[in-house]
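**Student:** The working numbering puts the sequence shown at residues 2 to 292.
Before I ask anything, let me first share the structure, which is written out below as structure tokens.
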Amino acid sequence: MEVGMVPSISVVIPVHNRPVLLSRALTSVSCQTIRPLEVVVVDDGSSQPIDDTLKELCPGVKIIKNEKNVGVAAARNRGIEHAQGEWIALLDSDDEWVSLKLEKQVQYLQEFPHLRAIHTDEKWVRNNNEVNPPVYLNKSNHLLWERSLRHCLICPSSVLLHKSIFETIGSFDQSLTVCEDYDFWLRLLLHDEIGLVDEKLTIKHGGHADQLSTTTWGMDRFRIKTLQKILSNPLLSLGRRKLVYEVLIDKCRILAQGSKKRQKTGDAEVYQEMAEKYSVLLSKTIQHVEK
2 MEVGMVPSIS VVIPVHNRPV LLSRALTSVS CQTIRPLEVV VVDDGSSQPI
52 DDTLKELCPG VKIIKNEKNV GVAAARNRGI EHAQGEWIAL LDSDDEWVSL
102 KLEKQVQYLQ EFPHLRAIHT DEKWVRNNNE VNPPVYLNKS NHLLWERSLR
152 HCLICPSSVL LHKSIFETIG SFDQSLTVCE DYDFWLRLLL HDEIGLVDEK
202 LTIKHGGHAD QLSTTTWGMD RFRIKTLQKI LSNPLLSLGR RKLVYEVLID
252 KCRILAQGSK KRQKTGDAEV YQEMAEKYSV LLSKTIQHVE K
């Protein structure tokens with residue numbers, strides 16, 4: 002970003018129902034001290050009416066409607082495709098921003114104009130009570146890619162992304178029902194560093210009944226798909242390949258145990274075989290690293 006310029010920002014919000022939560026998210030956008038170029042809301046096949054909420058809280062909002070529910074990854078991608086801004090600020094419909102969120106990120110970009118991605122720390126709220134996130138989810142940029150293999154450390158609602166990033170690494174993977182953000186951040190971090198505004202400028206809400214992370218069993222199933230894809234990425238170094246194998250082995254073993262408890266014997270055998278296969282590949286990789 003050119004120093005001294007205020008960038009054009011498109012806010013992209015995918016939503017499926019949730020009119021009350023959407024109202025809170027839109028209110029936080031309207032309270033920003035830097036006004037975005039536009040707000041793009043993708044109505045992902047909602048059965049509950051949300052148009053009145055949009056028109057009341059955000060006049061001029063760009064509304065894109067999906068005839069049926071296609072999932073958060075596809076909805077985000079469609080919003081990004083229609084966005085006119087040079088920068089994309091993602092916001093999930095159940096989250097919200099502190100009023101200085103965009104301003105602080107723009108200030109950070111003025112200081113580090115080479116960056117194409119930036120996120121913030123976040124406040125966690127569960128069932129209307131603030132809670133402390135686990136220590137291992139700290140936002141430090143130290144070994145961020147490596148730590149992101151085990152846990153999703155970047156919140157979509159906290160990021161500001163230059164639109165060229167999507168030309169470089171592609172869009173969110175629509176084949177993933179959940180963990181599409183985990184997949185995207187790992188791909189991004191192989192190409193770019195991501196700046197951190199170390200302030201709690203994003204409010205991440207959880208605990209509601211329709212939250213995908215609550216309703217989806219075995220989310221590591223989707224993380225395994227991502228890690229398998231990463232193994233074919235030409236930017237993956239031998240040392241990082243070793244780390245990917247280690248995480249794959251751990252996650253496959255956990256899923257094998259979980260499948261046994263759920264009496265899914267076939268799945269348990271598949272994940273156990275995968276763990277054994279990656280153990281062999283890990284041994285071979287270690288031999289190459291040590292040469």
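All C-beta atoms, glycine included, are put in the ideal place defined by N, C-alpha and C.
Note that the coordinates shown come from a computational prediction; the quantities given were computed from them, not determined experimentally.
1. Look at the Cβ atom of V30, then the Cβ atom of I65, and state whether they are nearer than 8 Å.
2. Please go through the same chain and pick out, in chain order, the residues whose beta-carbon is closer than 7 Å to the beta-carbon of A74, but skip the five residues on each side of it.
3. Which complete alpha helix (DSSP H) runs does the segment 48-104 hold, if anything under 4 residues is left out?
4. Tell me W125's beta-bridge partners as DSSP assigns them.
5. Name the two residues that bound the continuous beta strand (DSSP E) containing S11.
6. Hey, could you find the ends of the alpha helix (DSSP H) E247 is sitting in?
7. For the alpha helix (DSSP H) holding E147, just list the boundary residues, first then last.
8. Would you report the Cα separation of W88 and D122, rounded to the nearest angstrom?
9. For G196, which beta-bridge partners are listed by DSSP?
10. Does the segment 15-28 come close enough to the segment 48-64 to have 3 or more Cβ pairs within less than 8 Å?
11. From S159, R127, S238 and K201, pick the residue whose C-alpha is nearest to that of I195; which is it?
12. Do you know offhand how far L282's Cα is from F223's?
13. Taking the continuous beta strand (DSSP E) assigned at L162, which residues delimit it?
14. So, are the CB atoms of I250 and S280 less than 8 Å apart?
15. Buried or exposed for I232, please, with buried defined as at least 16 other CB atoms from any protein chain shown within 10 angstroms of its CB.
16. Determine the direct distance from the alpha carbon of W98 to that of P157, and round the result to whole angstroms.
17. Using 8 Å as the cut-off, can you tell me whether the segment 185-202 makes contact with the segment 115-134, which would need three or more C-beta pairs spanning the two stretches below that distance?
**Tutor:** Taking the structure as given:
1. no
2. F173, D174, Q175, L177 and E181
3. 52-58 and 73-83
4. V132 and K205
5. I10 to V16
6. L239 to K262
7. L145 to S149
8. 19 Å
9. I119
10. yes
11. S159
12. 21 Å
13. L161 to H163
14. yes
15. First, the amino acid is wrong: residue 232 is Leu here, not Ile. It is exposed - the Cβ of L232 has fewer than 16 other Cβ atoms within 10 Å.
16. 12 Å
17. yes
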